[in-house]
Amino acid sequence: NLTEKLSSTFKKLKGHGRLSERNIEETLREVRMSMLEADVHFRVVKEFLEKVRQRALGREVQESLTPAQQFIKIVNEELTRLMGGENSEMDLSGSPPAIVMLVGLQGSGKTTTAAKLAKYLGQKGRKSYLVPADTRRPAAIEQLKVLGEQLGVEVYDSRGKGDPVKICRKAREEAEAEAKGIDTLIIDTGGRLHIDEELMGELERIKEKIEPREILLVADAMTGQDAINVAGRFNEALDIDGVILTKMEGDARGGAALTIRALTGKPIKFVGTGEKLGALEPFCPERMASRILG
Amino acid sequence: IKRRKEIDQGVREELEELLIAADIGVKTSGRLLETAQEMVSKQESAGLGLLKEYLKEAIKEVLVGKGKGLEIGVEKPLVIMMVGVNGVGKTTTIGKIASQFSAKGLKVMLVAADTFRAAAIDQLRVWAERAGAEFISQQPGSDPAAVVFDALEAARARGMDMVVVDTAGRLHTKTNLMDELKKIKRVMGKKLPGAPQEILLVLDATTGQNAVPQAKLFDETLGITGIILTKLDGTAKGGVIVAIANELTVPIRLIGIGERIEDLREFDPEQFVEALF
Ligand SMILES: Nc1nc2c(ncn2[C@@H]2O[C@H](COP(=O)(O)OP(=O)(O)OP(=O)(O)O)[C@@H](O)[C@H]2O)c(=O)[nH]1
Ligand SMILES: Nc1nc2c(ncn2[C@@H]2O[C@H](COP(=O)(O)OP(=O)(O)OP(=O)(O)O)[C@@H](O)[C@H]2O)c(=O)[nH]1
Ligand SMILES: [Mg+2]
Ligand SMILES: [Mg+2]
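For the protein sequence lines, the chains are A and B, in the order given. Following my numbering, the numbering of the first sequence begins with 8 at its first residue and continues without gaps. Following my numbering, the numbering of the second sequence begins with 2 at its first residue and continues without gaps.
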């Protein structure tokens, strides 16, 4: 792993163990390679390394008795700070129902995550209403209906209710009806490309019509360099409130998390850690940082 | 003494960024740049434009012999098993393949062996209807190997030309789920000797370097006869298949370029590389 690699790079420092500029450059190359292999976008890596370089050339490393240790500490610190979560909780305050809207590319895990969120919020005493707003994918509405049944959570019947914008509006009207006692609406939208003008416009219209409290980008942990384009465009169109990174229980390093965070400044709120509906955890910046570094 | 001509540092960086941006991976990019450097040392000068052309040729060479569509031979039915991690496009791609072959007048059967994921069976059923293919399924939760076993019996009895088996998405790191695929494959071979003739791994073009361990593990577990690269209609380049080409000799057979039934093409290395950067 990187810490071992860096430690052995530093072991080659003879005698006084002070870090020269050349040592630092060599070490930064190791860090760069590791982060690129982890799928962090190359521009984000460049900016990150520059921050580390500045600190490494500064007094805290140069005057340290253990400069190598200090260097590794800086890399970890800077990365954790970048990943870190101020406001990584969902804000569901205000008059009910609080609306959560999930968006993202095809197959990233939105429908499954919508159900996971309903379960998670249920454990916190909230009563959710799942809204299948994907009118295109075969059996998408059925998929959310089945998941809702598994949880005992109500699912809006979207069939024959028109386009996704209409569905969301009607579902909210139903949720606002006192008798249901629903305090949260979770909207599952269909997957779409960030470059599909028409479909991105549809998301903008849904946002405008129902004013979600939380718009969350659901992204696959194994996304590569393209994360920069996807996150950039979704954030530009919708000003997302946060990100959910799915399929994190695999061995993808998850560098897309850093790309998305660095580009949008938005927090990663949850990670999906499996196919079962209980597999949703709050995001942990330290763990993500060490996973990306490898 | 003749000094070796070096690629200008700025140009080298620019080239490396183009390769990395395409998800070719830092190590593979480094290797490609080494070969570009060798070419440069042999001639007088090489600007960015020429080097880009050179790199494209080098990549095409790695991918040559990689494009090979699906064909039905003499042995019928041709049995295809679709595998891959979650959400990459297996089920949708099956619909596309079924449509192409059934349009040629062939009898195609789709087997719903994803008995786990919510509404997976319903999803494949819709595609079978759209493609004009026969459809075999059992109850959700039933044993996928049993579904496949019975399906192959029906396929033989009904004189199918092609059978495509949909499996549940699964991460390559889940050994028990990979073992399940092995079992499904074994059961197929028991029922119809030689089946499955094709085991196709579906990879999502937006995936980064994780596609390499995916390809390796699925190949190690099952023996992959081809790769299908989906979602190339997005902005992701799918360059990770260049890194994969270093590790496996599996041909890229087909590409997915959209969500409609007709959005399937044979892999064309020329076109693919031209679009990389
Ligand atoms: N291993 C793993 N699989 C997941 C996770 N989250 C979702 N999945 C799986 O990913 C696949 C795609 O999930 P969906 O919920 O259908 O994805 P989606 O974003 O709604 O897809 P579209 O609606 O087509 O855009 C399914 O097989 C899910 O079971 C996760 O955290 N880990
Ligand atoms: N843009 C685009 N979307 C695609 C392509 N292929 C599949 N999709 C979409 O990707 C999403 C997932 O497709 P599925 O066919 O359900 O994927 P899967 O591999 O069967 O998923 P699991 O069975 O859950 O593992 C759907 O929304 C598809 O429409 C493609 O080539 N381009
Ligand atoms: Mg969905
Ligand atoms: Mg499927």
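Built from N, CA and C at the ideal position, the CB exists for glycine as well.
Counting contacts by CB-CB distance shorter than 8 Å, is residue i in contact with chain B?
| i | result |
| --- | --- |
| N8 (chain A) | no |
| F49 (chain A) | yes |
| G116 (chain A) | yes |
| M295 (chain A) | no |
| D258 (chain A) | yes |
| V153 (chain A) | yes |
| L43 (chain A) | yes |
| M97 (chain A) | no |
| G301 (chain A) | no |
| D233 (chain A) | yes |
| L200 (chain A) | yes |
| E149 (chain A) | yes |
| N83 (chain A) | no |
| L112 (chain A) | yes |
| P139 (chain A) | no |
| T196 (chain A) | no |
| A146 (chain A) | yes |
| G22 (chain A) | At G22 (chain A), the pLDDT of 46 sits below 50, so the modelled position is not reliable; the number obtained from the coordinates is stated separately. Not an interface residue. |
| L287 (chain A) | no |
| N236 (chain A) | yes |
| T230 (chain A) | yes |
| D46 (chain A) | yes |
Answer yes or no: the CB of residue i versus the heavy atoms of ligand 3, is any distance below 7 Å?
| i | result |
| --- | --- |
| R166 (chain A) | no |
| T118 (chain A) | yes |
| G198 (chain A) | yes |
| A105 (chain A) | no |
| D141 (chain A) | yes |
| A147 (chain A) | yes |
Comparing the C-beta of residue i with each C-beta of chain C, is any distance below 8 Å?
| i | result |
| --- | --- |
| K53 (chain B) | Included in the structure are the protein chains A and B, with no chain C among them. |
What distance in whole Å lies between the Cβ atoms of residue j and residue i, which are believed to be in contact at a cut-off of 8 Å?
| i | j | result |
| --- | --- | --- |
| L19 (chain B) | F278 (chain B) | 4 Å |
| I193 (chain A) | L224 (chain A) | Not really, about 15 Å apart at Cβ, beyond 8 Å. |
| D123 (chain B) | E156 (chain A) | Not a contact, Cβ separation roughly 14 Å. |
| A212 (chain B) | I256 (chain B) | With a Cβ gap of about 14 Å, A212 (chain B) and I256 (chain B) do not count as contacting. |
| L153 (chain B) | L111 (chain B) | Contact doesn't hold; Cβ gap of about 13 Å is too wide. |
| P274 (chain A) | G249 (chain A) | 5 Å |
Less than 8 Å between CB atoms is the rule here; does residue i satisfy it with respect to chain A?
| i | result |
| --- | --- |
| G11 (chain B) | no |
| Q210 (chain B) | yes |
| T207 (chain B) | yes |
| G1 (chain B) | Residue 1 (chain B) falls outside the range modelled here, since chain B spans only 2 to 278, and no answer is possible. |
| V241 (chain B) | yes |
| I21 (chain B) | yes |
| A119 (chain B) | yes |
| N87 (chain B) | yes |
| Q272 (chain B) | no |
| I2 (chain B) | Its pLDDT being 48, under 50, I2 (chain B) is placed unreliably in this model, and the value from its coordinates should be taken loosely. Answer no: the Cβ-Cβ gap between I2 (chain B) and chain A never drops below 8 Å. |
| A264 (chain B) | Per the sequence shown, residue 264 (chain B) should be read as Asp rather than Ala. So no, D264 (chain B) is outside the interface. |
Nearer than 7 Å: is that true of the beta carbon of residue i relative to any heavy atom of ligand 1?
| i | result |
| --- | --- |
| Q113 (chain A) | yes |
| M255 (chain A) | yes |
| A281 (chain A) | It is Gly, not Ala, that sits at residue 281 (chain A) in the sequence shown. Flag set: Cβ of G281 (chain A) near ligand 1. |
| N177 (chain B) | no |
| R144 (chain A) | yes |
Using a Cβ-based criterion (distance less than 7 Å to any ligand heavy atom), does residue i qualify as near ligand 2?
| i | result |
| --- | --- |
| D115 (chain B) | yes |
| D234 (chain B) | yes |
Is it the case that the CB of residue i approaches a heavy atom of ligand 4 more closely than 7 Å?
| i | result |
| --- | --- |
| D123 (chain B) | no |
Query raised in the report: Hey, is the stretch 77 to 85 of chain A in contact with the stretch 181 to 201 of chain A, meaning 3+ C-beta pairs nearer than 8 Å?
Result: no
Requested in this report: Could you say if the stretch 69 to 77 of chain B and the stretch 88 to 96 of chain B meet the contact criterion of at least three C-beta pairs nearer than 8 Å?
Outcome: no
Requested in this report: Evaluate contact between the stretch 157 to 168 of chain A and the stretch 70 to 81 of chain A, counting only Cβ atoms and requiring at least three cross-stretch pairs below 8 Å.
Outcome: no
Query raised in the report: What alpha helix (DSSP H) runs, 4 residues minimum, are completely inside the stretch 78 to 127 of chain B?
Result: Positions of the alpha helix (DSSP H) runs, each at least 4 residues long and wholly inside the stretch 78 to 127 of chain B, are given as 91 to 104 in order along the chain.
Query - Secondary structure, alpha helix (DSSP H): runs of 4+ residues fully inside the stretch 166 to 251 of chain A - result: 171 to 183, 204 to 217 and 234 to 245
Query - Completely contained beta strand (DSSP E) runs for the stretch 73 to 133 of chain A, where each covers 3 or more residues - result: Listed in chain order, the complete beta strand (DSSP E) runs (minimum 3 residues) inside the stretch 73 to 133 of chain A are 105 to 110.
Query raised in the report: Between the stretch 234 to 253 of chain B and the stretch 217 to 233 of chain A, are three or more C-beta pairs nearer than 8 Å?
Result: yes
Query raised in the report: If you pair each beta-carbon of the stretch 38 to 54 of chain B with each one of the stretch 155 to 173 of chain B, do three or more pairs fall below 8 Å?
Result: no
Query raised in the report: Taking three-plus beta-carbon pairs below 8 Å as touching, is the stretch 226 to 235 of chain B in contact with the stretch 195 to 202 of chain B?
Result: yes
Query - Secondary structure, alpha helix (DSSP H): runs of 4+ residues fully inside the stretch 236 to 270 of chain B - result: 241 to 248
Query raised in the report: Is it a yes or a no for the stretch 207 to 220 of chain A touching the stretch 169 to 180 of chain A, going by three-plus beta-carbon pairs under 8 Å?
Result: yes
Query raised in the report: Does the stretch 176 to 186 of chain B come close enough to the stretch 118 to 132 of chain B to have 3 or more Cβ pairs within less than 8 Å?
Result: Contact fails: fewer than three Cβ-Cβ distances are below 8 Å.
Query raised in the report: Are the stretch 138 to 151 of chain A and the stretch 270 to 290 of chain A touching, with three or more C-beta to C-beta distances below 8 Å?
Result: No, they do not touch.
Query raised in the report: How about the stretch 47 to 57 of chain B and the stretch 255 to 263 of chain B: do they share at least three Cβ pairs that are nearer than 8 Å?
Result: no
Requested in this report: Specify whether the stretch 284 to 301 of chain A and the stretch 30 to 45 of chain A touch according to this definition: at least 3 beta carbon pairs, one from each stretch, less than 8 Å apart.
Outcome: Three or more pairs of CB atoms, one per stretch, sit closer than 8 Å, so the stretch 284 to 301 of chain A contacts the stretch 30 to 45 of chain A.
**Report entry** Any heavy atom of ligand 6 nearer than 5 Å to the CB - residues listed
**Finding:** No copy of ligand 6 occurs in the structure displayed; its ligands are ligand 1, ligand 2, ligand 3 and ligand 4 alone.
Requested in this report: Evaluate the contact criterion for the stretch 104 to 116 of chain A versus the stretch 235 to 251 of chain A: three or more CB pairs, one atom per stretch, below 8 Å.
Outcome: yes
Requested in this report: Please determine if the stretch 255 to 267 of chain A and the stretch 44 to 53 of chain A are in contact, where contact requires at least 3 C-beta pairs separated by less than 8 Å.
Outcome: yes
Query raised in the report: Quick check: the stretch 247 to 263 of chain A against the stretch 275 to 283 of chain A, are there 3 or more CB pairs under 8 Å?
Result: yes
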